[in-house]
Amino acid sequence: MIASMVMCKPAQVRQPLNNMPSANSSGGQMLNLTNLNLPCQKEKVVLVMGATGAGKTRLSIDLATYFPAEIINSDKMQVYEGLDIVTNKITKEEQRGVPHHLLGTQNPNSEFTAADFCDMTTLAVESITGRGQLPIIVGGSNSYIEALIDDDDYKFRSRYDCCCLWVDVSMPVLHPYIDERVDQMFNNGMLNELRSFYNPNGDYSRGIRKAIGVPEFDQYFRSEPFRDEETRIKLLQQAIREVKENTSKLAIKQLRKIHTLRNVKRWKIHHLDATPVFRKKGKDANETWKELVAEPSVRIVAEFLYNVNTANVGATLRLPTLATAIATATC
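Residue numbers for the sequence shown follow numbering that gives the first Met the number 0, beginning at 0 and rising by one.
Laid out in structure tokens, this is it:
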């Protein structure tokens, strides 16, 4: 068996995060792991969880920047082809060259079930680990993740060790951000994207039409040809308001599920509070994200992958140096 994610062979490290010091410029202490005993055990999988808008996608790309990784989407609406703005799919530019799986691959009129997700994700994980890469599963459909990890016969757990990261933002702070994000989606062309997709006979209980943003605009498109401008504007504002409300309700539902997995099912989930990030803007927000979310996550994953206590390395160690040292270590 390929013990891929304990790095029993040299692996290429992606370029470090923007504005982060490189291994050559950090001036930090180089961690020499070549003589450490890194046991080859189960293969490793990282899961990134959180409510919609909290920063799951951003963290997954950050981690894939530090470690040789590929990302598996676990958002049940983003698996479908089309409606990229409505479902808030990560763009090619934002992917930064990191391979993505189960992203915009399914027929939008088909029904992609939890069982389908488990089957296809298992195959993707096998393929990724077979290439010596780290699978990072990221998305907001926590019921799908639960079905994968806690399958009836625990096949997945018997084969893989999982590290769960939870990017959390307090709801009073997240809700206004969700509203802003919906407004930005509208400014980016959501209405035209929905108009070209609209079908008066569409089934809102199946496929991508279940996505928040699709049924909410049904009344607007259905009435658009027959209403005056003032009425159309009111219907449009109502649809946008419903999208915001339903997205906030989804965030609450996602948060409750994470609490259930952590407190009832006793999943070990690492909590990362990103709330202060959302209270800042621009460079200050990016620095706070790096300090409170990105850097702690890299340390958690490094310790998970390589059984190394990074706290003992020294305060001067820079994370790109850490990632470089670890990823080039051999068993």
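In this text, a Cβ means the ideal position worked out from N, Cα and C, and glycines have one as well. The model shown is predicted, which means the values in this text are computed figures rather than measured ones.
Rounded to whole angstroms, how far is the Cβ of residue i from the Cβ of residue j, which I believe are closer than 8 Å?
i: G212; j: E110; result: Rounded, the Cβ-Cβ distance is 19 Å, inconsistent with contact.
i: I127; j: P134; result: 4 Å
i: K243; j: V181; result: 5 Å
i: G49; j: E80; result: Actually they are not in contact, since the Cβ atoms of G49 and E80 sit about 25 Å apart, beyond 8 Å.
i: V263; j: L62; result: That belief does not hold up - the Cβ atoms of V263 and L62 are roughly 27 Å apart, past 8 Å.
i: K256; j: S142; result: 7 Å
Comparing C-alpha positions only, which one of the options sits nearest to residue i?
i: H269; options: S296, E179 and G281; result: S296
i: G138; options: L58, F155, D118 and E302; result: L58
i: E69; options: V124, E93 and L291; result: V124
i: S222; options: Y65, L173, Y305 and Q237; result: Q237
i: H174; options: G129, A63, P107 and F277; result: F277
i: N245; options: A210, L235, M189 and H258; result: A210
i: L235; options: N87, H258, P199 and F185; result: F185
i: I136; options: Y197, V172, K43 and D151; result: K43
i: L147; options: R231, N72 and I232; result: N72
i: N198; options: M189, N191, F220 and Y305; result: F220
Distance check for residue j and residue i, CA to CA, integer angstroms please.
i: Q218; j: S204; result: 16 Å
i: E286; j: T309; result: 21 Å
i: G281; j: L249; result: 27 Å
i: G201; j: P98; result: 32 Å
i: F155; j: M119; result: 13 Å
i: G54; j: R265; result: 23 Å
i: F336; j: C161; result: No information on residue 336 is available, as it lies outside the stretch 0 to 330 that the chain covers here.
i: V166; j: D272; result: 6 Å
i: A326; j: E294; result: Because the pLDDT of A326 is 49, which lies under 50, any placement of that residue in the model is unreliable, and the question is left without a value.
i: Q105; j: F116; result: 11 Å
i: G113; j: R130; result: This sequence places Ala at residue 113; Gly is not what is there. Cα to Cα, A113 sits roughly 26 Å from R130.
i: K267; j: G96; result: 30 Å
i: E228; j: L254; result: 39 Å
i: K233; j: L101; result: 37 Å
i: P275; j: I251; result: 19 Å
i: A284; j: I239; result: 27 Å
i: S21; j: V45; result: Since pLDDT at S21 reaches only 35, below the 50 mark, its modelled position is unreliable, and no value is offered.
i: G188; j: N87; result: 12 Å
i: V78; j: H258; result: 25 Å
i: R298; j: D150; result: 29 Å
i: N191; j: L122; result: 36 Å
i: R208; j: N108; result: 8 Å
i: R231; j: S247; result: 24 Å
i: R226; j: Q183; result: 26 Å
i: S195; j: P171; result: 35 Å
i: K91; j: Y305; result: 30 Å
Going by beta-carbon coordinates alone, are residue i and residue j separated by less than 9 Å?
i: L164; j: V307; result: no
i: R158; j: K41; result: yes
i: G52; j: Y176; result: yes
i: I89; j: I60; result: yes
i: L260; j: L82; result: no
i: E215; j: E241; result: yes
i: P224; j: Q132; result: no
i: S169; j: K75; result: no
i: E93; j: T64; result: no
Where do the ends of the beta strand (DSSP E) carrying residue i lie?
i: L164; result: Y159 to D167
i: A68; result: A68 to N72
i: L271; result: I268 to D272
i: K43; result: E42 to G49
How far does the alpha helix (DSSP H) with residue i in it extend, from its first residue to its last?
i: P134; result: That residue, P134, is in no alpha helix (DSSP H); its beta strand (DSSP E) goes L133 to V137.
i: I177; result: M170 to N186
i: V242; result: E228 to H258
i: M335; result: A question about residue 335 goes unanswered here, because the residues of the chain that appear run from 0 up to 330.
i: L62; result: K55 to Y65
i: D118; result: A113 to G129
i: E145; result: N141 to I148
i: Y79; result: Note, Y79: premise wrong, no alpha helix (DSSP H); not H, not E.
i: L291; result: Looking at the DSSP string, L291 is not in any alpha helix (DSSP H), and its letter there is neither H nor E.
i: Y219; result: D217 to S222
i: E92; result: K91 to Q94
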